[in-house]
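In the order they appear, the protein sequences are chains P and G.
When we follow full-length UniProt numbering, the leftmost residue of the first sequence carries the number 1, and every step to the right adds one.
When we follow full-length UniProt numbering, the leftmost residue of the second sequence carries the number 1, and every step to the right adds one.
Note that CB positions come from ideal geometry on N, CA and C, so glycine has one too.
Predicted model, so just to flag it, every value in this text is computed and none were measured.
Reading through the structure tokens given below for one structure.
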Amino acid sequence: MSAYGIALPDRRLGWRLALALLAGVLASASSVALLATSAWLITTAAAQPPVLILMVAIVAVRAFGVGRGVFRYVERLAGHDAAYGVLGETRARVTERLEELAPAGLSLRRGDLLTRLLMDVDAVLDLWLRVVLPVLVATVTATATVGLLVVLLPTAGVVVALAVLVACMVVPWLTATTARRAERTIAGARGEVAARATEDLLTAADVVAFNSVDDVLKEFAAADAELAAAERRSAWSAGLGNALLVVCVGVATLAGLVLGSGADLAGPAFAVLVLTPLALADVLGGVPLAAQLAIRVRGSLDRLQDVLRAPAPVTEPAEPDELPGGWGLRVRGLRAGYDGADVLRDVEITIPEGSRVIVTGPSGSGKSTLAAVLLRFLEPSGGEVLLDGVATTRLGGDQVRSVVGLLTQESHVFDTSIRENLLLARPDASDLRLCNALYRARLGEFVEGLPKGLDTMVGEHGARLSGGERQRLAFARLLLADHDVLVLDEPTEHLDEETARILLKDLFAAAGRRTVVLLTHRPELAPHPTQPVLRLT
Amino acid sequence: MRPVDPRLLRRARPARVFLAGSVLIGVATGLLVIVQAVLLARGISDVVLRDAGVGPVAWMLAAVIAVRAGLVWLQEVVAQRASAAVKSTLRRQVLEHSLKLGPAWLSGERSSRLTTLLTKGLDDLDPYFARYLPQLVLAATVPAGVIGWMATGDLIAAGTVLVTLPLIPVFMALVGWATQAHSRRRQRALEVLAHHFADVVSGLPTLKLFGRAKVQASAVRRVTDKHRAASMSTLRLAFMSSMVLELLASISVALVAVGVGLRLVEGRLGLETALMVLILAPEAYLPLRQVGAQFHASADGVAAAEEVLRVLETPLPVAGERADVPDLRRTPLYLHDVTVRYPDRSEPAVEGFDLELWPGEVVALTGRSGVGKSTLLAAILGFVTVERGVVVAGGSAADEFDPVLWRRQFGWVPQRPGLRVGTVADNVRLGRPDAADSQVRQALDAAGAAELALDTPVGEQGRLLSGGQQRRVALARALITEAPVLLLDEPTAGLDADTEATVIAGLRGTGRTVLLVAHRPTLLAAADRTVEVGARKSPIDRLVERELVTP
């Protein structure tokens, strides 16, 4: 999907944007007409005609005065409504794509990734509200104004047309070209400052403990100075567009005055010719800003494209095979790793239904890589994994994961209630069932002891729970889901010895007919003193 | 929300200079607006009434236009530069102040809020400086001059403007009131959205595990739609009042135009004056109208600035100043009746804990997860405020000493080490910046990280290393310091048995005092003594223990 495609409105929102455009043009045209009619009214009045002749103009002046406010209101409301709608769509589309990439395909630095997503996706609002709509409104209104002036005096009309052309084409071009380079510098420096700020705040405890606050601040100040310098450089070009705009409007007015004075025009027509271009300042005023924003928006969309274009770590089959009924696993000649470097080489293992299998090996020997392949988070670079005789590459990821479940050493707990965290695994589960799972994970008493019970909020990343409680909550969640194979990747790493033994025992017992694949560097904790089936080196 | 926050001006000198420059430019602009109107009116009436040429008037007009263009450019340059400088000043001050407020103050949620503030939040100040403030200055200078000049030509028109103009600030206050509430709600909604996004993105693997990732797109749609609905209801109000404002301005201009026209018919006014009034009337309203619009556009920036000021005005904890920190190589460290309570909790994290740590001792802290073992290490380092009780060395409470000098006594391995982007060696050198490569190598070997090369990049948050490797780098970082006491929070989690044995041997070999949080029996066995945290003790137990331990 192209990055620009994701910023487009659907049909309903498209109509709303069209309404905003129409209202915007009417509002802008009203302010031009207000000035033109007033000029005509006054100059005509100077000849002291009967008041009746002026009546139409008087009514028109008042109507345009009212129209401008009302139409502007409609424009802003419809525009914002549509733009927020497009933003929501874009966010959802981005999430859809990220879903395909997670977890193996998202190798971006995290702080940067999140900042990018937020800022770049938000750029969609600017795209519609501050770039596309204002530019279209200005173009249409200015064209209509030029039309009026050409009728009054073709020569002056042509000069005004040129001035408008410069304002609509050269001004944005000038703004864009002079600002582009500095903008690019700003984006880099800004990313750097953002990454540093994120890191400095995340590692604050370490930095303070080792008395490195001053060094860290110095580094930050250097990055920050670069950003400030880049911004100052871009400042020189910022005003050029607006200044040229003043010149354009001025030239248009002067053209009316000079050319009009030489032509054989009636007084009122002459006044309209000279004064109407003044209203163009209001009409064209937003163009330079829109041009500047357009660069930023484009940068954002381009960066968004980078994220979205990353190759998917797993290719889903176009027509997945039917999910087989059994859940015996066979790994044959498996090679896998990240970024072309294989961590696993020629792994062979058979995991019959309901068996208890222990895979061991030191840190970094590829236990987690094996888990990723079993869960179909990662494509094998060679060999295959067979689920009941069917290669998992021929199955959809979600199909595989409906059979195979995973518990890691640091399970993600969402910033919501305990109940919601559990319901994730089984949306239709009753409270009784949730409590049952919690008790089996040895967290039942703890939760029942909480004043709000299941509705207790766990905080960001489960910050209000201890490490052990977080892990037990994840256990409970896994027990709730109806997997046939449980892959446990160092599940008890952060727990004390006794709790670890009890939990593993409970988990093995609760597994029942299910297969358990335990990946650990400490096989002695497992309840059945099974010999490791596979040792990774 | 005040239009110009004096605290902001106090904090950021560039803002003051900028404001002064803007006033000068604003006054000059006001004068030129009047001159331009006069020239145009003269030019038109010359042609219409006297059929004269426009030569000199045209030249003068050209000059006025050129100077106005120059002023517009200058204003933007000055504004952008000021904005860049102010943002930079505030960013640095905020980071410095929050680091000084310390790790306990910077707890999880606050830290991510601050990150947003330092990046996107402050950039919202750009429109505040580039558009709002200059417009505010124009609003204060231009209308006064314009009305004054109009009064010299047509008192009635000037009177009309004078009567209607003050209504605009009234409505502006309305707009301000509406947008303030709006801006806060929007900021809130934005935060909720940002948070929801972050949570969804970092939880995507988990969501995929349960086949729930695909529905996240619709969840995001739902959340954003809710945001949109909330935004729309506030926007309707904000736009409504700005519509009234705009209507007021344009109807007033229409009134002036019609009034002038009628007086012309009656012959009570000359054409030149009438034209001058017509050209000037919108100019009187324009700056005020735009202030409203710009205020709206910069409300986010103002809100960000307020948050910055809130952070900067959080008082720093009072730090000790004594430089005579006792050498813990020779002096024992006492924890006496230490009780720590986190601000948002009713139960204390640690209550009435006693400990004596003798030089050269290896002491293991045990206890269920969540009993406050890590909190004790934080209390020794001075990261958390001890509510009751005291940490004592050499007969003085720890908080009497200069915290920087006090922390030099300790090498710390936190439960989740925060590694910084750079190489393994860079991270180890956080412990001792001037360490030679050989010393770094030695520390890594002692930490059981013999397989890690010095120039291995660690990635953001140590992402390129495994959990065990991260912890070993953190251990090397603590070992390389010359600190007499090591505070280790589960230093061997994620290590296999062999590596663990190497590490323990290395620890014992240093001869330093070690206080470690441990679960594993091998680690506990390696300690001279084990202290259980969270075991309730009666005062008599404590007394007995003290009698036994104190020589």
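Interface flag for leucine 98/P against chain G is set, since a Cβ pair is found closer than 8 Å.
Shown here, alanine 349/G sits in coil according to DSSP, grouped into three states, outside any helix or strand.
Scanning Leu101/P, Val343/P, Pro352/P, Pro380/P for the CA closest to the CA of proline 362/P turns up Val343/P.
Note: aspartate 302/P is not bridge-paired with any residue in the DSSP secondary-structure output.
A direct Cα-Cα distance of roughly 37 Å separates leucine 74/G from methionine 232/G. Taking the Cα of valine 350/G as reference, the smallest distance to any Cα among Arg512/G, Val371/G, His336/G, Thr115/G is reached at Val371/G.
For leucine 464/G, the CB contacts under 7 Å within the same chain, skipping 5 residues up- and downstream, are Pro457, Val458 in chain order. Counting only unbroken stretches of 4 or more residues, the alpha helix (DSSP H) elements lying wholly within the segment 78 to 134 of chain G are 108 to 116, in sequence order. Between alanine 274/G and isoleucine 42/P the beta-carbon gap is near 5 Å, inside 8 Å, which marks them as a contact. In the DSSP assignment, alanine 397/G forms a beta bridge with Val392/G.
Residue state for serine 417/P is assigned as strand, using DSSP reduced to three classes. Restricting attention to Ala436/G, Arg341/G, Ala493/G, His195/G, the CA atom closest to the CA of threonine 416/P is found in His195/G. Against chain G, a Cβ distance below 8 Å from leucine 217/P picks out Arg92, Leu95, Glu96, Leu99. For glutamate 469/P, no pairing in a beta bridge is given by DSSP. In this chain, phenylalanine 64/P is not harboured by any beta strand (DSSP E); it is covered by the alpha helix (DSSP H) spanning 51 to 101. Using a Cβ-Cβ cut-off of 8 Å, glycine 24/P does not count as an interface residue toward chain G, since no Cβ of chain G sits closer than that to its own. By the C-beta criterion, the segment 19 to 26 of chain G is judged to be in contact with the segment 61 to 78 of chain G, since at least 3 inter-stretch pairs fall below 8 Å. Exclusion of the five residues before and after valine 131/P leaves Ala290, Leu293, Ala294, Val297 as the residues of its chain whose Cβ lies within less than 7 Å of its Cβ. Against chain G, the CB of aspartate 10/P has no partner CB under 8 Å away; the residue lies outside that interface. Under a 10 Å Cβ-count criterion, aspartate 428/P is classified as exposed, with fewer than 16 other Cβ atoms of the shown protein chains found around its own Cβ.
With three or more CB-CB distances shorter than 8 Å, the segment 425 to 435 of chain G counts as touching the segment 471 to 487 of chain G.
Looking at the DSSP output, phenylalanine 410/G bridges to Val485/G. Across the structure, valine 440/G and arginine 407/G are spaced so that their CA atoms are roughly 21 Å apart. With respect to the C-alpha of lysine 367/P, the residue from Asp496/G, Val163/G, Val485/G having the closest C-alpha is Asp496/G.
Using a Cβ-Cβ cut-off of 8 Å, tryptophan 412/G counts as an interface residue toward chain P, since at least one Cβ of chain P sits closer than that to its own. Looking at Thr350/P, Phe71/P, Ala123/P, Gly79/P, the one whose alpha-carbon comes closest to that of glycine 389/P is Thr350/P. In summary, alanine 505/G is exposed, with fewer than 16 beta-carbon neighbours lying within 10 Å of its beta-carbon over all protein chains present.
A residue is called buried once 16 or more other Cβ atoms fall within 10 Å of its Cβ, and lysine 373/G is buried on that count.
In chain order, Ala205 make up the part of chain P whose C-beta sits under 7 Å from the C-beta of phenylalanine 383/G. The Cβ atoms of arginine 471/G and proline 491/G sit closer than 8 Å to each other. Taking 8 Å as the threshold, the shortest C-beta distance from isoleucine 480/G to chain P does not fall below it. Taken through DSSP and simplified to helix, strand or coil, leucine 333/G comes out as strand. Beta-bridge analysis with DSSP links leucine 407/P to Leu488/P. Taking the Cα of glutamate 283/G as reference, the smallest distance to any Cα among Gly261/G, Gly270/G, Ala249/G is reached at Ala249/G.
DSSP, reduced to helix, strand and coil, places glutamate 199/P within a helical segment of the structure shown. Along the segment 187 to 198 of chain P, going in chain order, the ones with a CB nearer than 8 Å to a CB of chain G are Arg190, Val193, Ala194, Ala195, Ala197, Thr198.
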